[in-house]
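Everything below concerns the one structure shown next.
Chains as they are written, first to last, in our numbering: chain Z, 1 to 417; chain V, 418 to 660.
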């Protein structure tokens, strides 16, 4: 229909003329929308960033690994039920692997005992403090998520004979041997020389808190010799075969561990099964809470912007009542008048949306430059969503005044001064 | 107010077919608890090529009748046919269409869009009529030339004199070739000399075959018409050829 097209182009032309004629007013009204869009999009990028960072971090841990530990993750109030549990021991891993090997169609692949603590590492004049050092035997190769920057994991032979070898995290290697290969170099741990056999690639940090690159792996035997085993930190890491069958694996592992521990039926478990999707499940409500609260609060500012648009459209209709009467007398239909004011409201909102997105983009870039690890993700879908939100805001807030304008009685409108 | 200009050597064109037929039309307004009988039963026929003046003191129902004739309003009761179409039962958008096609409005206060130039003002009814930009431009320009504003088509209202503004409004009323041109106190906001010029333009339009209805309370304006209808208290007091 030609007529609708002509009316539309006329409406757009009028809206532009109107915005031009009231620059200050339009700019101030748009400012409300800009602030709203910036708030909502920044929150959106933050939520998305957290989500991506979180998933990245989970992948570092391996989402197909269950942890058998003395304590459950999260808070416990009945600590007395846990405190006297026996700690996990290296022998438990051996016993568990024997049971796994003897189980037909086992959902479990292998278990490995690990213990960890923080220590300092020296080489030449350099020293790195607070290195997360853990001991595990060569079976740990099955759990490694990261690739090797250079070198390899120690072999089963090296591990079993408690050879003084180690694998360094990326940052540790960089700090001790800047700009050169670490392989074959000696580092001093607990006053003992260890030969570097491998360096892991850079992995980043877990949830932005714990650096995966500031770590070191030692064969369990060597670790035990110089650090001893700290009972409360010990754990069995157990790899499952199919991460989609975590529940079955968990059930099987519980049974296997009860056998390892020699528990009679009816006796309570004296160990905790952690990890898998449990961690994710635990963080999910927090994530949703942040998203909901954030979007609600930022949504409020957009709501205020929308009220501004509605107000300005009411004012615009009031100011131009006589013009509306004239247009109606000349043959403008309701639809034409409605469109005219809706387009005016929407174009202010759309302009606000574009500017708001620009500001958000700029802020994201600035934050990224200043703090590379800060989780912010600007995305195309964000652009689409915010423009949709901006335009929807214009339509929703402009609709009531525009509808009022379209329903004006031409006789009354013409008489309006 | 200057004495009415003498009306000389008037031609009287033969009237054409029926355009407007009003039968026993009434209009009630409710203002608070009061009911106002603006029209109490008016019957009227207007034919093509007529030049009609509607007169009456304020409160006579003159404006109400004009709004009715202009299809801006519908009667409370009675019959109104415009070129055989039943206007009384029409809804908003149908009325808008009939105003667009059949009626050219000339207002006392001109009612031009301040931020648009003369050409865009005149194009407006064509936009609502769905005329293409090219035809629009051509017809609007022609209409402006016909009212003597061929050299002012890109002037905005604030760059034009009162008489020129009213000429733009008249061009806008003419541009869609309506069945009737309805003018509400067309000289009310003009000085008397300019008023005379505008009435001369109306005479010219009449002679070219347009149908004119002028609503006024000034005898000097009404005298230009060929037929004068006088209203009082919502009723037609007299309906006679102008002398």
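The beta-carbon is built from N, C-alpha and C at its ideal position, and this holds for glycine as well.
Reduced DSSP secondary structure (H/G/I, E/B, other) of residue i
| i | result |
| --- | --- |
| residue 402/Z | helix |
| residue 349/Z | helix |
| residue 601/V | strand |
| residue 649/V | strand |
| residue 640/V | coil |
| residue 330/Z | coil |
| residue 151/Z | strand |
| residue 202/Z | coil |
| residue 70/Z | coil |
| residue 418/V | Because the pLDDT at residue 418/V is just 48, under 50, the model does not fix this residue reliably, and the value given afterwards should be weighed accordingly. Three-state DSSP puts residue 418/V in coil, outside helix and strand. |
| residue 448/V | strand |
| residue 504/V | coil |
| residue 440/V | strand |
| residue 538/V | helix |
| residue 496/V | strand |
| residue 521/V | strand |
| residue 551/V | helix |
| residue 359/Z | helix |
| residue 195/Z | strand |
| residue 389/Z | helix |
Interface flag, residue i vs chain V, CB-CB below 9 Å
| i | result |
| --- | --- |
| residue 12/Z | no |
| residue 23/Z | no |
| residue 322/Z | yes |
| residue 416/Z | no |
| residue 319/Z | no |
| residue 411/Z | yes |
| residue 17/Z | yes |
| residue 51/Z | no |
| residue 6/Z | yes |
Cβ neighbours of residue i in the same chain (closer than 7 Å, five flanking residues each side left out)
| i | result |
| --- | --- |
| residue 35/Z | 301 and 305 |
| residue 611/V | 579 and 580 |
| residue 343/Z | 11, 12 and 15 |
| residue 299/Z | 40 |
| residue 230/Z | 115 and 117 |
| residue 187/Z | 121, 122, 123, 166, 176, 194 and 196 |
Min CB distance residue i to chain Z below 9 Å
| i | result |
| --- | --- |
| residue 548/V | yes |
| residue 588/V | no |
| residue 441/V | no |
| residue 522/V | yes |
| residue 513/V | yes |
| residue 517/V | yes |
| residue 532/V | yes |
| residue 575/V | no |
| residue 593/V | yes |
| residue 606/V | no |
| residue 528/V | yes |
| residue 418/V | For residue 418/V, the pLDDT reaches just 48, beneath the cut-off of 50, and the residue's location in the model is therefore unreliable, leaving the point undetermined. |
| residue 453/V | no |
Anticipated Cβ contact below 8 Å, residue i with residue j, distance rounded
| i | j | result |
| --- | --- | --- |
| residue 196/Z | residue 184/Z | 7 Å |
| residue 199/Z | residue 158/Z | Between residue 158/Z and residue 199/Z the Cβ distance is about 16 Å, and since that is not below 8 Å, they are no contact. |
| residue 577/V | residue 557/V | Not quite, the Cβ-Cβ distance comes to about 15 Å (not below 8 Å), so this is no contact. |
| residue 648/V | residue 482/V | 7 Å |
| residue 313/Z | residue 384/Z | The Cβ separation is near 25 Å, so there is no contact. |
| residue 548/V | residue 599/V | 21 Å between Cβ atoms; not a contact. |
| residue 93/Z | residue 113/Z | 4 Å |
| residue 522/V | residue 332/Z | Wrong, their Cβ atoms sit about 12 Å apart, outside the cutoff. |
Neighbourhood of residue i by C-beta, 8 Å cutoff - its chain only, sequence neighbours within 5 removed
| i | result |
| --- | --- |
| residue 504/V | 488, 491, 497, 498, 512 and 515 |
| residue 361/Z | 378 |
| residue 662/V | As shown, chain V starts at 418 and ends at 660. That puts residue 662/V outside it, with no answer to give. |
| residue 201/Z | 146, 147, 148, 149 and 170 |
Neighbour flag for residue i against chain A, beta carbons, 9 Å
| i | result |
| --- | --- |
| residue 404/Z | In the displayed structure, chain A is absent; the protein chains listed are Z and V. |
Cβ-based neighbour list, residue i, same chain, cut-off 6 Å, excluding 5 preceding and 5 following
| i | result |
| --- | --- |
| residue 142/Z | 110 and 239 |
| residue 602/V | 525 and 633 |
| residue 69/Z | 235, 272 and 274 |
| residue 656/V | 646 |
| residue 623/V | 468 and 629 |
| residue 477/V | 648 and 649 |
| residue 418/V | For residue 418/V, the pLDDT reaches just 48, beneath the cut-off of 50, and the residue's location in the model is therefore unreliable, leaving the point undetermined. |
The ligand ZN heavy atom lying under 8 Å from the CB of residue i
| i | result |
| --- | --- |
| residue 325/Z | The ligand ZN is absent from the structure shown, which contains no ligand whatsoever. |
message: By the 7 Å beta-carbon criterion, what residues does the region 552-568 of chain V contribute toward chain Z?
response: none
query: Using Cβ-Cβ distances below 8 Å, what residues of the region 474-504 of chain V are close to chain Z?
result: 484, 487, 489 and 490
- request: Please name the residues in the region 325-349 of chain Z whose beta-carbon is closer than 9 Å to at least one beta-carbon of chain V, in chain order.
  value: 325, 326, 327, 328, 329, 330, 331, 332, 333, 334, 335 and 336
message: What are the residues in the region 535-546 of chain V lying within 8 Å of chain Z by C-beta distance?
response: 541, 542, 544, 545 and 546
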